[in-house]
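Asks:
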Amino acid sequence: MDAIFSSSQALLDAHSGITSHVGFIWQQTRTPLVVQFLRIILYVCLALSFMLFVERLYMGIIIAFVKLFRRKPEKKYKWEPLKGDLELGNYSYPMVLVQIPMCNEKEVYKLSIGAACNLSWPANRIFIQVLDDSTDPTIKVLVEQECRRWASKGVNIKYEIRDNRKGYKAGALREGMKHSYVKLCSHVAIFDADFQPEPDFLERSIPFLVHNPEIGLVQARWEFVNADECLMTKMQEMSFGYHFTVEQEVGSTAHAFFGFNGTAGVWRMSALNEAGGWKDRTTVEDMDLAVRAGLNGWKFVYVDDLKVKSELPSTFRAYRNQQHRWSCGPANLFRKMAMEIATNKKVSVWKKFYLIYSFFFVRKIIAHIVTFILYCVVLPATIFIPEVQVPTWGTIYIPTAITLLNILGSARSMQLVVYWILFENVMSLHRTKATFIGLFESERVNEWIVTEKLGDALKTKKGSKALKKLQFRVGERVHVLELFVGLYLLFCGWYDYSFGRNRFYVYLLLQAMAFFVVGFGYVGVFVPNS
1071 MDAIFSSSQA
1081 LLDAHSGITS
1091 HVGFIWQQTR
1101 TPLVVQFLRI
1111 ILYVCLALSF
1121 MLFVERLYMG
1131 IIIAFVKLFR
1141 RKPEKKYKWE
1151 PLKGDLELGN
1161 YSYPMVLVQI
1171 PMCNEKEVYK
1181 LSIGAACNLS
1191 WPANRIFIQV
1201 LDDSTDPTIK
1211 VLVEQECRRW
1221 ASKGVNIKYE
1231 IRDNRKGYKA
1241 GALREGMKHS
1251 YVKLCSHVAI
1261 FDADFQPEPD
1271 FLERSIPFLV
1281 HNPEIGLVQA
1291 RWEFVNADEC
1301 LMTKMQEMSF
1311 GYHFTVEQEV
1321 GSTAHAFFGF
1331 NGTAGVWRMS
1341 ALNEAGGWKD
1351 RTTVEDMDLA
1361 VRAGLNGWKF
1371 VYVDDLKVKS
1381 ELPSTFRAYR
1391 NQQHRWSCGP
1401 ANLFRKMAME
1411 IATNKKVSVW
1421 KKFYLIYSFF
1431 FVRKIIAHIV
1441 TFILYCVVLP
1451 ATIFIPEVQV
1461 PTWGTIYIPT
1471 AITLLNILGS
1481 ARSMQLVVYW
1491 ILFENVMSLH
1501 RTKATFIGLF
1511 ESERVNEWIV
1521 TEKLGDALKT
1531 KKGSKALKKL
1541 QFRVGERVHV
1551 LELFVGLYLL
1561 FCGWYDYSFG
1571 RNRFYVYLLL
1581 QAMAFFVVGF
1591 GYVGVFVPNS
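Per our numbering, the very first residue in the sequence shown carries number 1071; after that it's consecutive.
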């Protein structure tokens, strides 16, 4: 019995010794290492946050000027409606190619093909080119039948397929350009499979290119048919509202440059070819082409009141895949083109600075990374290190100002701003990871997953048993990183509430809840059954 007691006491003494030793090491390294490291990271994040604020403020001032003086592109550039010539007739209209790339788009292919075939343009001056990369033979048959149906009505429509999916969308568009009839065209309009242009789209966009030889691209605004489908689509609409109302408008007005959105736009064929055509070196082939064309001196025009209907991702899986591509691709393109931009001789130093600093570094790199690192990692960590104080301007003034500037284009959804902030902070984890993948070219750098569209299926299936067919695997419904961060924030919030003095716990607990909701996949139209 004495032996057992002695052994137990020895174990307790050993445990106490180890604990004391660890405590001693922590006390010795806490101030010179941990505190200083956290303080440095905080200062770096605050500096990046301030850079982001300045960028947002600059764009806010420009957009206020645009709205105040009603600086529409029709006033800046020559624009006159095109009319048939008495002698030449319809031959006075430029020949236009309309490309519709698609892949297994069973729910929406009829919408885009029908909208393109109903464009108001002389029938003998337009080619509709459906680029079908579908891997499902049944869908291929359906798409081909739809093309034949429109061809029987006299529409000049071409159904084109290839024997592989090399280069994905960029590869399909590049292959489409190789057909002989394309050489007859001077302009090319591009619409993804879920986009539905109004009949007057070409009549409103082509005149910019015809009357202004320096313009290489005309970009329209996206309008969403399912923005009110669920809370996730409403928050997406808020983010897109800022992108189009502010970022694209400012780029067009102040720099005659912005990132091509990949669809709902018209290119001058010579600008596209001069830039080297479509390249598949990144997952943002549209931005790649825009940067190369911009470096050749071509000007871009964004027309805010020219709107094209489209669909937002309704499932969280589709949205995550899309955001990975849109975060990873720009970072990877920045890695590939930074030196090319810096050494370019065709554009001004100001434009090169705008491209490298504003367009890429601040908006595509900093905006994702600082949101997650500062508000979801560093700020919670200061709960345990009271020596590191976060200034009020860094926790309240700057974030509030950035948020207010971000919702400039989404006035109708202002009541959702708290949900939007929490959701964007959660998504910043996914975007940050994708950004680093792009910067360091790791294994998922060229991952391309077609964004799932539901089209009219959602309306017809809602409330029916068809919804039950959607199956979720554990890997799709549970997101481990989000759950891990949620636990971290929950612990930080509890600690701050119990022992802290910062009073960050309200934000931390709400943000933790948001991470848990997303981590378990309870967001979007389809959520997992309990």
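All C-beta atoms, glycine included, are put in the ideal place defined by N, C-alpha and C.
1) Do the CB positions of residue 1399 and residue 1337 come within less than 8 angstroms of each other?
2) Which residue spans inside the segment 1323 to 1354 form an unbroken alpha helix (DSSP H) run of at least 4?
3) Using alpha carbons as the reference points, say which of 1575, 1177, 1432, 1551 lies closest to residue 1208.
4) Looking at the structure shown, is residue 1535 part of a helix, part of a strand, or coil, going by DSSP?
5) In chain order, what residues of the same chain have a beta carbon less than 6 angstroms from the beta carbon of residue 1344, not counting five sequence neighbours either side?
6) Let me know the alpha helix (DSSP H) ranges lying completely inside the segment 1203 to 1240, each 4 residues or longer, listed in chain order.
7) Taking the beta strand (DSSP E) that residue 1291 falls in, what are its first and last residues?
8) Which residues in the same chain as residue 1588 place their Cβ atom closer than 7 angstroms to its Cβ, once the five residues preceding and following it in sequence are excluded?
9) Starting from residue 1379, trace the beta strand (DSSP E) in both directions and tell me its first and last residue.
10) Could you check whether residue 1384 and residue 1303 sit closer than 8 angstroms to each other, using their CB atoms as the reference points?
11) Kindly indicate which three-state DSSP category residue 1394 falls into: helix, strand or coil?
12) Tell me which same chain residues have a C-beta within less than 6 angstroms of the C-beta of residue 1235, skipping the five on either side of it?
13) What residues match up with residue 1257 in a beta bridge as DSSP calls it?
14) Identify whether residue 1591 lies in helix, strand or coil by the three-state DSSP scheme.
15) By how many angstroms is the C-alpha of residue 1355 removed from the C-alpha of residue 1169?
16) Along the alpha helix (DSSP H) that carries residue 1551, what are the first and last residues, could you check?
17) Please list the terminal residues of the continuous alpha helix (DSSP H) segment that includes residue 1465.
18) Would the segment 1387 to 1399 count as touching the segment 1267 to 1282 if we require 3 or more Cβ pairs under 8 angstroms?
19) Return the residue from the list 1583, 1111, 1283, 1294 that minimises the CA-CA distance to residue 1381.
20) Is it the case that the Cβ atoms of residue 1290 and residue 1200 are separated by a distance below 8 angstroms?
21) Do you know how far the Cα of residue 1547 is from the Cα of residue 1540?
22) Between the alpha carbons of residue 1593 and residue 1112, how many angstroms are there, rounded?
23) Taking Cβ positions, are residue 1492 and residue 1555 nearer each other than 8 angstroms?
24) With distances taken from CA atoms, which of 1456, 1591, 1558 is nearest residue 1579?
25) Return the residue from the list 1269, 1103, 1301, 1125 that minimises the CA-CA distance to residue 1430.
26) With hydrogens ignored, establish whether the beta-carbon of residue 1205 is closer than 7 angstroms to any heavy atom of the ligand FMN.
27) Evaluate the contact criterion for the segment 1395 to 1412 versus the segment 1306 to 1325: three or more CB pairs, one atom per stretch, below 8 angstroms.
28) Here's the rule: buried if 16 or more other CB atoms are within 10 angstroms of the residue's CB, otherwise exposed. What is residue 1136?
29) With burial defined as no fewer than 16 other Cβ atoms inside 10 Å of the residue's Cβ, what is the status of residue 1418: buried or exposed?
30) Cα separation between residue 1660 and residue 1205?
31) Less than 6 angstroms between C-beta atoms, sequence neighbours within five positions excluded: which residues of the same chain meet that for residue 1468?
32) For the alpha helix (DSSP H) containing residue 1501, list its first residue and its last residue.
33) So, with DSSP's three-state summary, where would you put residue 1301?
34) What span of residues does the alpha helix (DSSP H) with residue 1134 cover, start to end?
35) Within 10 angstroms of its Cβ, does residue 1181 collect 16 or more other Cβ (buried), or is it exposed?
36) Taking residue 1307 as the reference, give the member of 1143, 1404, 1476, 1319 with the closest Cα.
Replies: Result, derived from the coordinates:
1) One-based indexing of the sequence shown puts residue 1399 at position 329. One-based indexing of the sequence shown puts residue 1337 at position 267. Contact flag unset, no.
2) 1339 to 1344
3) Looking up residue 1208 in the sequence shown gives position 138. Minimum Cα distance to residue 1208 is reached at 1177.
4) Working through the sequence shown from its first residue, we reach residue 1535 at position 465. Residue confidence is low: residue 1535 scores 43 on pLDDT, short of 50, so the model does not pin down where it sits. Its coordinate-derived value is still stated next. The answer is helix: DSSP assigns residue 1535 an H, G or I state.
5) Taking the sequence shown and counting its residues from 1, one reaches residue 1344 at position 274. Excluding residues within five positions, the ones whose Cβ falls inside 6 angstroms are 1366.
6) 1207 to 1221
7) Within the sequence shown, residue 1291 is the residue found at index 221, counting from 1. 1285 to 1294 is the span of the beta strand (DSSP E), which, as asked, contains residue 1291.
8) Counted from its first residue, the sequence shown places residue 1588 at position 518. If we look at residue 1588 and ignore the five residues flanking it on each side, its Cβ neighbours are 1496, 1549, 1552.
9) In the sequence shown, the residue the question calls residue 1379 occupies position 309. Residue 1379 -> beta strand (DSSP E) spans 1369 to 1380.
10) Here residue 1303 corresponds to residue number 233 of the sequence shown, with the count starting at 1. Here residue 1384 corresponds to residue number 314 of the sequence shown, with the count starting at 1. In this structure, residue 1384 lies closer than 8 angstroms to residue 1303 by Cβ.
11) As a first step, residue 1394 is located in the sequence shown; it is residue number 324 there, counting from the start. Looking at residue 1394 - three-state DSSP - the assignment turns out to be helix.
12) As a position in the sequence shown, residue 1235 is number 165, starting the count at 1. Hits under 6 angstroms: 1203.
13) The residue you call residue 1257 lines up with position 187 of the sequence shown. In DSSP, residue 1257 forms a bridge with 1166, 1338.
14) Walking along the sequence shown from the start, residue 1591 turns up at place 521. Of the three classes helix, strand and coil, the one that applies to residue 1591 here is coil, per DSSP.
15) Counting from 1 along the sequence shown, the entry for residue 1169 is found at position 99. Counting from 1 along the sequence shown, the entry for residue 1355 is found at position 285. Going by the C-alpha atoms only, they are around 15 angstroms apart.
16) The count along the sequence shown starts at 1 and reaches residue 1551 at position 481. Segment 1550 to 1568, the alpha helix (DSSP H) holding residue 1551.
17) For the purposes of this step, residue 1465 is taken as the residue at position 395 of the sequence shown. Looking at the DSSP string, residue 1465 is not in any alpha helix (DSSP H), and its letter there is neither H nor E.
18) no
19) Locating residue 1381 in the sequence shown gives position 311, counting from the first residue. It is 1294 whose Cα lies nearest to the Cα of residue 1381.
20) Mapped onto the sequence shown, residue 1290 falls at position 220. Mapped onto the sequence shown, residue 1200 falls at position 130. Contact: no.
21) Counting from one through the sequence shown, the residue named residue 1540 turns up at place 470. Counting from one through the sequence shown, the residue named residue 1547 turns up at place 477. Residue placement at residue 1540 is poorly supported in this model, since its pLDDT is 47, which falls under 50; the coordinates still yield a value, given next. Straight-line Cα distance between these residues: approximately 12 angstroms.
22) Start at 1 with the first residue of the sequence shown, and residue 1593 comes out as number 523. Start at 1 with the first residue of the sequence shown, and residue 1112 comes out as number 42. Computed Cα separation, rounded: 31 angstroms.
23) Here the question's residue 1492 lines up with position 422 in the sequence shown. Here the question's residue 1555 lines up with position 485 in the sequence shown. No, Cβ-Cβ distance for residue 1492 and residue 1555 is not below 8 angstroms.
24) In the sequence shown, residue 1579 corresponds to position 509, counting from 1. Out of 1456, 1591, 1558, 1558 has the C-alpha closest to the C-alpha of residue 1579.
25) Here residue 1430 refers to the residue found at position 360 of the sequence shown. Out of 1269, 1103, 1301, 1125, 1125 has the C-alpha closest to the C-alpha of residue 1430.
26) This structure lacks the ligand FMN, and indeed carries no ligand of any kind.
27) no
28) Taking the sequence shown and counting its residues from 1, one reaches residue 1136 at position 66. Flag for residue 1136 reads buried.
29) Taking the first residue of the sequence shown as 1, we reach residue 1418 at position 348. That one is exposed.
30) In the structure as shown, the chain begins at 1071 and stops at 1600. Residue 1660 is therefore absent and cannot be evaluated.
31) As a working mapping, residue 1468 is identified with position 398 in the sequence shown. Within the same chain, residue 1468 has close Cβ partners 1119, 1123.
32) In the sequence shown, residue 1501 corresponds to position 431, counting from 1. Where residue 1501 is concerned, the enclosing alpha helix (DSSP H) stretches over 1487 to 1510.
33) Sequence index remark: in the sequence shown, residue 1301 carries index 231 (1-based). Here residue 1301 sits in helix by DSSP.
34) Residue mapping note: residue 1134 aligns to position 64 of the sequence shown, counting from 1. Element bounds for residue 1134: 1106 to 1138.
35) As a first step, residue 1181 is located in the sequence shown; it is residue number 111 there, counting from the start. Classification for residue 1181: buried.
36) Here the question's residue 1307 lines up with position 237 in the sequence shown. The option with the nearest alpha carbon to residue 1307 is 1476.
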